[in-house]
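Asks: Going letter by letter, the sequence shown gives residues -21 to -1, 1 to 399 in mature numbering (1 follows the signal peptide of the UniProt record, and there is no 0).
Glycine is no exception: its CB is placed at the ideal position from the N, C-alpha and C atoms.
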Amino acid sequence: MKFLFPCAAAALACIPWFTLAQEPAPGWLPSSAQVHAALQSQPAVRAAAERVRAAAATQHALDVGSHEFQANSGFQRRYVPNEQRSYNEWELGISRTIRLPDKARLDREIGSSTRSVADLRLEDAEHQVARRLLDAWMGWLRSSAVAEETAAQDQLLSRERDVLVRRVALGDAARREMDVLDAELATQAAQTLMARDAALAARQALALGFPEITVPLAAAALPEPQELPDSPQAWQARIVQESAEIAMANGETTRLLKVAERTRAERTPDPTVGVRVLSDRGGTERVVGLVLSVPFGMDYRSARAATESANAAAAEAEAADVRRAIEQGAWLAVQAAQSKCAQWQSHQQALAAQTASNTRTRRAWELGEASLGEYLLSLRSLRQARLAETQARVDALQAAMLVRIDAHAMWHRSRSTVAN
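Structure, rendered in structure tokens:
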């Protein structure tokens, strides 16, 4: 079931059709089948699914109503002194409170709203878990990429040491340069171990948090980040439109408005209608009659109606606050995706320049025109540039995927599917 509001529907209509479809996840992300299994098995999602079942039961209870048939009976023995006789007398009755038609309609609407809000809570639970999965997966990719980069730098320094050993043997380099390079190699080895441990920890956290996801032995090569297709305004509009939190807050407001209306309707009490059968004086007298009872609505019912009306007004204000927060979050998410893509481009340019500078510095060191210290300093700068580019690449990809998840363009089912 779609929960479209006039202004949101108008905004959605402005979004090109191709942005509304579910986009296939890139190959460096887990498969959609694994993601679906992981989402459904999470405790938060399972709890939300059980609350949907509870809401369905509540809806059925409200549909049928709480009034049920009541049976009553009585037995007495009458003694008449003037007649010097005793009579057995009994009474049977059956009655039921009749729910007024307007109240029955409101109960059905409250039940429907209750079920709708529960469906939206399930959708939001899946959405929040999808965000957590993306964060865990990208955290593993980030730490794995850093570990690979530091390991590559460690291997590079090892090769440079082999070169320096030959130069020292030939008399082209001083022995003290070996000490400097060994110190640099030891420092790099420590950083490699730290990066490897961080990657193992991230992998373990991903495997334990989402056991349904198959984590490959080695992370896939990451593509170059691309700018988001379509305009930022279109993505922001879709994030707001698809937000389960907004729909949930609006649905809760609708439910409480119906509850307030239902409570006001209680000021007109439901009548109780019944049939009564009596046998008096040993059966010589028989009575059959109808019974009608109507309670009088007093101050309590009015106070309850005022309470529920205030609750509905509070929910309406909270829904407006939720919408503002989602709109702000949508702007920040799209802005972050754009900014991080631009940052990665800058880091890529810096890496290219640093790589060229390091190549020239190494050549100068080989020719004796630069000291080993200068070359090692250039290597450190190159390592920093590579790590910065790697992390910026992961950050940009994660920001773009987060926009797609928030817009329900990836890793989401349609609301009609969730409701079923």
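Out of curiosity, what's the CA-to-CA distance linking W318 and Q370?
Replies: Trp is not the amino acid found at residue 318; the sequence shown has Ser there. Going from the Cα of S318 to the Cα of Q370 covers about 14 angstroms.
Asks: Look at the alpha carbon of R87 and the alpha carbon of T286, and state the distance between them as a whole number of angstroms.
Replies: 21 angstroms
Asks: Assuming N290 contacts L235 under a Cβ cut-off of 8 angstroms, what Cβ separation, rounded to an integer in Å, is found between them?
Replies: 5 angstroms
Asks: If we count Cβ pairs, one from each stretch, closer than 8 angstroms, do we get three or more for the segment 218 to 232 versus the segment 88 to 100?
Replies: yes
Asks: Are the segment 359 to 367 and the segment 113 to 120 touching by the rule of at least three beta carbon pairs closer than 8 angstroms?
Replies: no
Asks: Alpha carbon to alpha carbon, how far is R146 from E163?
Replies: 18 angstroms
Asks: Let me make sure I understand the geometry here. Which of Q324, T338, N337 and A165 has the alpha-carbon closest to that of V373?
Replies: Selection Q324, T338, N337 and A165 evaluated against V373 yields Q324 as nearest (Cα-Cα).
Asks: Are R110 and L381 closer than 8 angstroms when you measure CB to CB?
Replies: yes
Asks: Please determine if the segment 172 to 182 and the segment 121 to 129 are in contact, where contact requires at least 3 C-beta pairs separated by less than 8 angstroms.
Replies: Touching, yes, given that three or more Cβ pairs across the two stretches are closer than 8 angstroms.
Asks: Which class does E264 belong to by DSSP, given the choice of helix, strand or coil?
Replies: strand
Asks: Can you round the beta-carbon distance between R255 and E70 to whole angstroms, since I take them to be within the 8 angstroms contact cut?
Replies: Confirmed, Cβ separation roughly 7 angstroms.
Asks: Decide if A386 is buried, meaning its Cβ has at least 16 other Cβ atoms within 10 Å, or exposed.
Replies: It is buried - the Cβ of A386 has at least 16 other Cβ atoms within 10 Å.
Asks: Would you mind giving the Cβ-Cβ distance between L101 and V14, rounded to the nearest angstrom? I have them listed as a contact below 8 angstroms.
Replies: In fact, because the Cβ distance is near 16 angstroms, the residues do not count as touching under 8 angstroms.
Asks: Leaving out five residues before and five after L136 in sequence, what residues of the same chain have Cβ atoms less than 8 angstroms from its Cβ?
Replies: L160, E163, L164, Q167 and L358
Asks: Residues in the same chain with beta-carbon distance under 8 angstroms from W344, minus the five sequence neighbours each way, listed in chain order, please.
Replies: S350, L351, E353 and Y354
Asks: Does DSSP classify E156 as helix, strand or coil?
Replies: helix
Asks: By a C-beta neighbour count over all protein chains shown, 10 Å radius and 16 as the cutoff for buried, is D103 buried or exposed?
Replies: buried
Asks: Helix, strand or coil for A50 per DSSP?
Replies: strand
Asks: Whole angstroms are fine: how far does the CA of Q21 sit from the CA of G53?
Replies: 57 angstroms
Asks: I'd like to know whether the C-beta atoms of T129 and G90 end up nearer to each other than 8 angstroms.
Replies: no
Asks: Can you tell me which of E348, A35, I305 and Q49 puts its alpha carbon nearest to the alpha carbon of R217?
Replies: I305
Asks: As a quick exercise: from R78, V301, A186 and R57, pick the residue whose alpha carbon is nearest that of T247.
Replies: Checked all of R78, V301, A186 and R57; the closest Cα to T247 is R78.
Asks: Could you check if Q215 is buried or exposed, using at least 16 other CB atoms within 10 Å of its CB as the buried criterion?
Replies: buried
Asks: In angstroms, rounded to a whole number, what distance separates the CA positions of A12 and L18?
Replies: Taking the straight line from one Cα to the other gives about 10 angstroms.
Asks: According to DSSP, is N67 part of a helix, a strand, or is it coil?
Replies: In the structure shown, N67 sits in a strand (DSSP, three-state: E or B).
Asks: Is the beta carbon of E105 closer than 8 angstroms to that of V219?
Replies: no
Asks: Pick out whichever of I73, G261 and A298 has its Cα sitting closest to the Cα of E224.
Replies: A298
Asks: Per the DSSP calculation, G72 is bridged to which residue(s)?
Replies: N51 and R255
Asks: Report the partner residues of L271 according to the DSSP bridge assignment.
Replies: V252
Asks: In three-state DSSP terms, what is V194?
Replies: The answer is coil: DSSP assigns V194 none of H, G, I, E or B.
Asks: Taking just the CA atoms, how far does T334 sit from A(-1)?
Replies: Unreliable placement is indicated for A(-1), whose pLDDT of 47 sits below 50; no coordinate value is reported for it.
Asks: When the Cα of Q314 is compared with those of R260, S210 and R392, which residue comes out closest?
Replies: Nearest to Q314 by C-alpha distance, out of R260, S210 and R392, is S210.
Asks: Would DSSP call R392 helix, strand or coil?
Replies: coil
Asks: Of all the options E62, S65, I73 and L172, which has the alpha carbon lying nearest to the alpha carbon of G253?
Replies: I73
Asks: By DSSP, does R25 sit in helix, in strand, or in coil?
Replies: helix
Asks: Please give me, in chain order, every unbroken run of the alpha helix (DSSP H) with length at least 4 that falls completely inside the segment 76 to 133.
Replies: You should have found no qualifying run.
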